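In this note's numbering, the protein residues as written are 6 to 344. By construction, the Cβ of each residue, glycine as well, lies at the ideal position given by its N, Cα and C atoms. Please read these numbers as outputs of a predicted model, since none were measured by experiment.
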């Protein structure tokens with residue numbers, strides 16, 4: 006539902022404040038990361054980078070995208086989307102989620118595109134968020150499995166000698182969760198300017214519950230299995246990038262890095278997760294005896310992979326806009342019966 010005219014200035018003001026806050030957090034996190042880099046060591050690490058393993062990691066990232074599309078197709082089977090439309094929906098969503106600084110994320114874009122094809126926006130959003138729910142569940146299971154395989158991993162990553170980054174993010178995550186739960190328990194009249202935002206959160210939570218209630222057992226098993234395979238593929242990507250810089254960690258440690266990085270990146274505290282993703286990955290890898298500059302290089306290469314996929318989404322959007330513009334143009338040279 007669109008805001009009324011009187012609400013539009015307030016809505017725009019809230020959006021600007023949120024954007025400014027996220028931009029500030031992004032800049033602070035990036036500065037903290039860059040401040041610790043030894044640029045001579047980073048330059049040497051870049052020269053010694055094995056491009057063969059980087060290429061294998063990029064190919065694995067493409068396979069991961071194919072698995073992502075397959076999972077999206079499984080959730081949206083009722084919409085009967087063709088392969089081309091499905092890829093367009095996925096890539097454009099990646100673009101909105103990773104390149105644009107605004108509040109329109111991948112899930113909102115995909116729900117908006119699907120709305121005219123189904124029962125409505127709530128139904129579309131519930132199915133799109135269903136993919137997110139199973140993805141988060143797979144990451145949580147992966148993190149738990151990593152801790153069972155490597156019981157000392159959490160102790161190492163949270164040690165006083167450098168675990169401040171992870172402890173700070175963990176405290177921030179807990180604080181945001183507790184604050185959101187408290188605000189959701191209050192009546193709308195007592196939440197002031199946050200009332201519209203909290204109403205959206207309630208709508209999203211309601212759509213997730215309705216989607217989980219309607220999904221069949223077979224579909225749930227397939228979605229969760231695909232989500233676990235996607236997590237495993239991300240571990241493969243990380244291991245290949247570690248090999249590319251000449252570093253090694255155990256499989257359990259790599260799984261913990263992937264799961265914790267992906268989960269913490271879900272916190273909406275920075276623009277497109279910039280700084281949060283890189284900082285978490287670097288902090289964990291460094292605690293697992295990977296050189297800081299090597300860990301930073303891995304995080305940057307991973308960000309480049311995300312950027313390439315996002316640019317493919319931008320190209321998909323541009324091509325779709327051109328097709329719509331061409332279809333709306335009147336045909337030239339059409340006979341009208343007039344001289």
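Spatial neighbours of residue i in its chain, beta-carbon cut-off 8 Å, leaving aside the 5 residues before and after
i: residue 66; result: 242, 310 and 314
i: residue 228; result: 76, 79, 80, 135, 136, 139 and 220
i: residue 266; result: 282, 285, 286 and 289
i: residue 222; result: none
CB contact flag (residue i, residue j, <8 Å)
i: residue 31; j: residue 280; result: yes
i: residue 58; j: residue 285; result: no
i: residue 72; j: residue 312; result: no
i: residue 133; j: residue 112; result: yes
Where the alpha helix (DSSP H) through residue i begins and ends
i: residue 90; result: 88–103
i: residue 294; result: Element bounds for residue 294: n/a, residue is neither H nor E.
i: residue 112; result: 111–119
i: residue 47; result: 44–52
i: residue 275; result: Segment: none, residue 275 is in no alpha helix (DSSP H) and carries neither H nor E.
i: residue 240; result: 222–249
i: residue 66; result: 56–80
i: residue 259; result: 256–270
Whole-angstrom distance between residue j and residue i, CA atom to CA atom
i: residue 48; j: residue 117; result: 44 Å
i: residue 321; j: residue 84; result: 20 Å
i: residue 291; j: residue 64; result: 25 Å
i: residue 252; j: residue 152; result: 21 Å
i: residue 268; j: residue 144; result: 7 Å
i: residue 38; j: residue 276; result: 16 Å
i: residue 301; j: residue 271; result: 20 Å
i: residue 41; j: residue 238; result: 30 Å
i: residue 129; j: residue 121; result: 9 Å
i: residue 35; j: residue 114; result: 27 Å
i: residue 307; j: residue 262; result: 13 Å
i: residue 329; j: residue 97; result: 16 Å
i: residue 107; j: residue 25; result: Reliability of the predicted coordinates at residue 107 is poor, the pLDDT of 46 falling under 50, and the value obtained from them is presented with this limitation in mind. If I take the Cα positions, the gap works out to 11 Å.
i: residue 29; j: residue 22; result: 11 Å
i: residue 240; j: residue 305; result: 16 Å
i: residue 119; j: residue 99; result: 16 Å
i: residue 56; j: residue 70; result: 21 Å
i: residue 6; j: residue 43; result: Note that residue 6 scores a pLDDT of 45, beneath 50, so its modelled location is shaky and nothing firm can be said.
i: residue 45; j: residue 141; result: 38 Å
i: residue 52; j: residue 33; result: 28 Å
i: residue 90; j: residue 325; result: 10 Å
i: residue 94; j: residue 226; result: 23 Å
i: residue 27; j: residue 88; result: 35 Å
i: residue 86; j: residue 327; result: 21 Å
Same chain, Cβ closer than 7 Å to residue i, neighbours up to 5 away in sequence not counted
i: residue 110; result: 101 and 102
i: residue 245; result: 58, 61, 62 and 65
i: residue 250; result: 50, 54, 299, 302 and 303
i: residue 150; result: 260
Beta-carbon separation (whole angstroms), residue i vs residue j, contact threshold 8 Å
i: residue 264; j: residue 236; result: 7 Å
i: residue 254; j: residue 297; result: Actually they are not in contact, since the Cβ atoms of residue 254 and residue 297 sit about 14 Å apart, beyond 8 Å.
i: residue 147; j: residue 260; result: 6 Å
i: residue 92; j: residue 74; result: 6 Å
i: residue 154; j: residue 224; result: At roughly 29 Å, the Cβ-Cβ gap does not stay under 8 Å, so residue 154 and residue 224 are not in contact.
Cβ shell of residue i (< 6 Å), same chain only, five flanking positions each side left out
i: residue 233; result: 143
i: residue 278; result: 270
i: residue 274; result: 30
i: residue 323; result: none
i: residue 156; result: none
Contact test: residue i Cβ vs the ligand ATP heavy atom, cutoff 7 Å
i: residue 279; result: As far as ligands go, the structure on display features none, and thus does not contain the ligand ATP.
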